[in-house]
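Chain order of the listed sequences is A and B.
Every letter in the first sequence is one number past the one before it in the working numbering, and letter 94, counting from 1, is 94.
Every letter in the second sequence is one number past the one before it in the working numbering, and letter 62, counting from 1, is 184.
Protein chains: 2
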Amino acid sequence: MVRNTGRPGYLQIADDLRAQIQGGSLAPGTPLPSTAQLADRYDASLSVVKMAVGILRNEGLVIGQQGKGVFVRDADEERPAGDEQADLAELRATVRDLSVRLAKVEEQLATSTSRRPGRSSR
Amino acid sequence: MVRNTGRPGYLQIADDLRAQIQGGSLAPGTPLPSTAQLADRYDASLSVVKMAVGILRNEGLVIGQQGKGVFVRDADEERPAGDEQADLAELRATVRDLSVRLAKVEEQLATSTSRRPGRSSR
DNA sequence: TTCACCAACATAGTTAACCTAGTTGGCTTG
DNA sequence: CAAGCCAACTAGGTTAACTATGTTGGTGAA
Numbered sequence: 001m002v003r004n005t006g007r008p009g010y011l012q013i014a015d016d017l018r019a020q021i022q023g024g025s026l027a028p029g030t031p032l033p034s035t036a037q038l039a040d041r042y043d044a045s046l047s048v049v050k051m052a053v054g055i056l057r058n059e060g061l062v063i064g065q066q067g068k069g070v071f072v073r074d075a076d077e078e079r080p081a082g083d084e085q086a087d088l089a090e091l092r093a094t095v096r097d098l099s100v101r102l103a104k105v106e107e108q109l110a111t112s113t114s115r116r117p118g119r120s121s122r
Numbered sequence: 123m124v125r126n127t128g129r130p131g132y133l134q135i136a137d138d139l140r141a142q143i144q145g146g147s148l149a150p151g152t153p154l155p156s157t158a159q160l161a162d163r164y165d166a167s168l169s170v171v172k173m174a175v176g177i178l179r180n181e182g183l184v185i186g187q188q189g190k191g192v193f194v195r196d197a198d199e200e201r202p203a204g205d206e207q208a209d210l211a212e213l214r215a216t217v218r219d220l221s222v223r224l225a226k227v228e229e230q231l232a233t234s235t236s237r238r239p240g241r242s243s244r
C-alpha cells in the first residue's frame, strides 16, 4: 500500500485513516481494524502502524482502549467548532491546576504505600 | 529524569521540552540538544527521545533539519492563524492522561482503605 | 450454575539495531 | 593553495522483540 513517494509510511497510513474518519467511511464509535490487521492491509510493519495510530490518538481523532481496540471519536467532541479560542486559556489553566494537584496526590500515595506492598505483582 | 508517575516517558520529555519552549528557556531559532544529548540528559533511550521530538514536530513547535538539528520555531509564524488544532490535541492528550491517572489513584485509595490489598482479581 | 483459571488477542510503552541522508570540518592529494 | 574525499556528527525512518496490561471467551471444578 504505502507508495514510494518520499512521504513516510507512517504518515501515509495516518493520512489514509484520517481521511476515512473525516470522510465518514469510519463512523464514530466504530473500532479501527486491529494493529495486526492494519499492518497486513497496508503491507507495513506493526511499528509503523502503531506510529500512525499514535498520531491520530495524539490528534484526538481516535481513542485507544487497552485490550479492546481503537475507536473513532465523535466528531462533535473531537472538534469543537466555533470560537473556542477564549476557552482555551481557561482550559489550559484548569488542566495545569489539575496536573499539579494530581501529582501531589500521586506522590503522597506512592510514599504511603511503599511500606506495605499493595497491588504489585499479578 | 523521567519519573515513574505512570505518565509515559516520551510524553514527559515532550512536556518538558514544550514547557521550555513556551517558557522562553528555549528561544525560537535555537537548536534543541541533539537526540543523543537529550537521551543522556533524561536518562532515556534514543527511541523515546525521538518519539518526544516527533510529537513536538507534529505539533509544529519545532522543525527538524536533517544533518543539522532540531530548531525551535517562532511561536507566531509557525502556525496559520486560527489553527488551534495542535493546541487542542495537546490539551486533549493531557486531559486523557489526567483521567487515567486519577482513576488509578482512586482505585488505589479504594482498595487500600476498604479492602485488603487483594484488588478484585478480574 | 457459578466461580476460578487460562489462553488468545488487544493496545501501549520501551529498547535496540540498522539504514538513509544531510552537514561539517579536517586531511590528503594533485 | 585548492579540490575532493572522508570521518564524524546530525535527524529521520523502519523493523523486530520484549514487557505490561486490559478484555474476552472457553473450560473445568466445586
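By construction, the Cβ of each residue, glycine as well, lies at the ideal position given by its N, Cα and C atoms.
DSSP lists no bridge partner for A/Gly67.
A residue is called buried when at least 16 other Cβ atoms come within 10 angstroms of its Cβ; B/Gly189 does not meet this threshold and is exposed. DSSP places A/Val2 in no alpha helix (DSSP H); its state is neither H nor E.
With a 10 Å radius around the Cβ and a threshold of 16 neighbouring Cβ atoms, A/Ala44 comes out buried. Put simply, the backbone Cα of B/Leu183 is about 30 Å away from that of A/Gly69. Put simply, the CB of B/Ile177 is near chain A, with a gap under 8 Å to one of its CB atoms.
From the listed residues B/Met123, B/Gly128, B/Thr127 and B/Tyr132, the smallest Cα separation to B/Val175 is found for B/Tyr132. Closest option to A/Val72, judged by alpha-carbon separation, among A/Ala14, A/Val2, A/Asn58 and A/Gly29: A/Gly29. Cβ contact annotation for B/Leu168 (same chain, cutoff 8 Å, sequence separation greater than five): Thr157, Ala158 and Ala161, in chain order. Runs of the alpha helix (DSSP H) lying entirely within the stretch 28-72 of chain A, each at least 4 residues long, are 35-41 and 46-59 in chain order. DSSP places B/Gly146 in the coil class of the three-state scheme, outside both helix and strand. Residue burial is scored here from C-beta neighbours: A/Ile55 has at least 16 other C-beta atoms within 10 angstroms and is therefore classed as buried. Within the same chain, and ignoring the five residues on either side of A/Gly64 in sequence, the residues whose Cβ sits closer than 6 Å to its Cβ are Arg57 and Val70.
For the 8 Å CB-CB criterion, A/Arg41 and A/Pro31 do not form a contact.
A direct Cα-Cα distance of roughly 28 Å separates A/Val48 from B/Ile143. A/Asp16 sits in a helix when the DSSP states are folded into three classes. Per the coordinates, the alpha-carbon of B/Glu181 lies some 9 Å from the alpha-carbon of A/Glu59. In the same chain as B/Met173, and ignoring 5 residues on each side of it, the C-beta atoms closer than 6 Å to its own belong to Tyr132, in chain order.
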